[in-house]
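Below is one structure; the comments refer to it alone.
Protein chains in written order, with the numbering used here: chain A, 14 to 354; chain B, 14 to 354.
Okay, structure coming up:
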């Protein structure tokens, strides 16, 4: 398999991105890795790491999309941004997947501009694995690719995220919950009410509505929601978890006994911190695009990049996109789905 | 002042609600407290607590709205639910405020059916104080009274929550953030883009867009959002905080050293737990209704009820509603506000 990595994307690019790719190239010697970005900068990083891997090559891209830029504007005005060139490698058949820790909006925009949607998919969505502290994940879909969704989009997020969860995360018969303000049927906005009916009338493993608190406990394997809400959930969870760990650290240094207590509890607290460190996790696939696009956390370190690459390999080798198309076709035959389209 | 308390509302009603009201009656001997609900049940609780307070009386209400009921249906089909009778005491001029830990939807519906809106208010919203771990609160408005908002609603939530924060929470010149998927201007759905313009063109202390992660750090004093999102935020924050504290407890019992560590850190961890224990906090006002309605957490204990009553007294004595009307009138004269109405 051939994985293109956006070497310029992310807060710690190119250094950590290149390192993570080198590590992946070592672990997967039969696969090929393409670092896309400023050739000089990448070569410097490769030199610093002393890496001369046969399965590692560079494609030069002179520009990049900055975190503060409007993605669509940047992609239109700049020729040869690293993310657009990376996406192009898929379009040209030179790569099977793209991994990027850069501007999520730019990755989504570049993918939508440069590649086709999967057959039957109305709108792509991002599926993010959120740690739940119950030793399991919950997949949030959509996490922000499509901020204003329609009922059919939410329904298809359920279909697509299920294929991802079953094949890449290896969850058996993944259950789907619909994020809402209450668990009872008939709750919520018109959007969620209509999505509820589509999901209920399908053969998907739909558990009904779920509330905000059910995300933390992992009440379902997949939580379907509009991109606006998904984005808020993700950032709030991350912010809360980080603040709480910081506060625990501060509280525990307030007296000598609590300081000792903290020192003794450190392994336990570190294990929790690792569990909720979002930058440690691999990546989030952009589902619904005919190409494998893995969005990695902006603050990804080398380990997170390697792990996102591992996920992209699994996504490609499991042929997830063809399975998504088959599932979309299966559920598109459902009368309720047709009615909503 | 005269405070009506919905004695049947909440997971621990009537026991904890009655206890909390008795405590308030002791602390505020010059104010009058009306317990609304099943007379026999309330009398039993009063008897158990040995309370014979002069400033405590009962108004009988034979019915109640269950947590699983559709609030509007229940209010229409049942005559004399405790929340409707409590709201009636305001309409009849027998009470200045209502405190309820019951079904939030029922409280909102009963208030909207039984009382007028404040002059100039387009749609009422709930303002909830969320602890931020930075030793300060953030007021989320709307937390779920109005799940599908329009730009003018979001704008007015900012106006109303500011009056509440300044007068009841005693925050100086409270700042307002608009919840969005990014901090840059121009981000988000049409709803938030339009609300952004209304807030930006006003004389309110508007700091711009805020993201999910900014809630946890308390980047603004007030976070304005649609009720659907506000409800999710609230329940997610609570769920996450509780799961995390539970996990810390579990992790720390895994070995003898970490057990000792936990024992030593206990005061620190308990202080954090108290800070994030949502049921300990007072109540959330329903802003925009001509009457003081304080919604308390469903799992409120006696302490939380007393604290919600304290808040209602402060709300009434600060004449917050008249101040909200004055502010709404002031900002209604703003051309941008008119354009959006």
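We put the beta carbon where it would ideally sit given N, CA and C, even for glycine. Computed from a predicted structure; not experimentally measured.
In this structure, the alpha-carbon of residue 169/A lies about 39 Å from that of residue 286/B. With a cut-off of 8 Å on Cβ pairs, the segment 64-83 of chain B is not in contact with the segment 317-327 of chain A, counting fewer than three such pairs. At least one CB of chain B lies nearer than 8 Å to the CB of residue 202/A. For residue 166/B, no beta strand (DSSP E) encloses it; the enclosing alpha helix (DSSP H) starts and ends at 164-180. Identification of chain B residues near residue 137/A by a Cβ-Cβ cut-off of 7 Å yields none; the smallest Cβ-Cβ distance measures about 16 Å. In the three-state reduction of the DSSP assignment, residue 130/B falls in the strand class.
Residues 128, 129, 131 of the same chain have their beta carbon placed closer than 6 Å to that of residue 303/A, with the five preceding and five following residues left out of the count.
Counting of Cβ neighbours within 10 angstroms places residue 102/A among the buried residues, the total reaching 16 or more.
The CB of residue 298/A never comes closer than 8 Å to any CB in chain B; the least such distance is about 19 Å.
Ranked by Cα distance from residue 123/A, the options 88/A, 211/A, 278/A, 39/A are led by 88/A. The DSSP-derived three-state label of residue 75/A is coil. Distance from residue 277/B to residue 270/A at the Cβ level is roughly 5 Å; contact confirmed, criterion being Cβ atoms closer than 8 Å.
Counting only the Cα atoms, residue 150/A lies some 14 Å from residue 186/A. Per the coordinates, the alpha-carbon of residue 244/B lies some 7 Å from the alpha-carbon of residue 225/A. Counting C-beta pairs closer than 8 Å gives three or more between the segment 306-318 of chain A and the segment 23-31 of chain A, which meets the contact rule.
In summary, the residues of the segment 58-88 of chain B whose CB is separated from some CB of chain A by less than 8 Å are 81, 83, in the order they occur in the chain. Using beta-carbon distances, residue 163/B does not count as an interface residue toward chain A, since no partner is under 8 Å. Interface criterion met: the Cβ of residue 244/B is under 8 Å from a Cβ in chain A. With a contact defined as Cβ atoms closer than 8 Å, residue 137/A and residue 211/A miss out at about 18 Å. Less than 8 Å separates the beta-carbon of residue 68/A from that of residue 44/A. Rounded to the nearest whole angstrom, the C-alpha separation of residue 320/A and residue 295/A is 5 Å. For residue 113/B, not one C-beta of chain A is nearer than 8 Å to its own C-beta.
Within the DSSP secondary-structure output, residue 150/A pairs in a beta bridge with 144/A. When DSSP reads this structure, residue 45/B sits in a beta bridge with 15/B.
Beta-bridge partners of residue 90/B (DSSP): none assigned. Cβ atoms of residue 340/A and residue 152/A stay farther apart than 8 Å, at about 15 Å. Using a Cβ-Cβ cut-off of 8 Å, residue 271/B counts as an interface residue toward chain A, since at least one Cβ of chain A sits closer than that to its own. Between residue 40/B and residue 19/B the beta-carbon gap is near 20 Å, outside 8 Å, which marks them as no contact. Taking 8 Å as the upper bound on Cβ-Cβ separation, chain B lies near residues 145, 146, 147, 157, 160, 161 of the segment 140-171 of chain A.
In the displayed model, residue 21/B falls within coil according to three-state DSSP, outside both helix and strand. In the DSSP assignment, residue 236/A falls within the unbroken beta strand (DSSP E) covering 235-237. Put simply, the CB of residue 265/A is near chain B, with a gap under 8 Å to one of its CB atoms. Around the CB of residue 266/B, fewer than 16 other CB atoms lie within 10 Å, so the residue is classed as exposed.
Taking 8 Å as the cut-off, the Cβ atoms of residue 307/B and residue 112/B count as close.
In this structure, residue 17/B lies near residue 99/B, with their beta-carbon atoms less than 8 Å apart. Judged by DSSP secondary structure, residue 222/B falls within the beta strand (DSSP E) whose first and last residues are 219-223.
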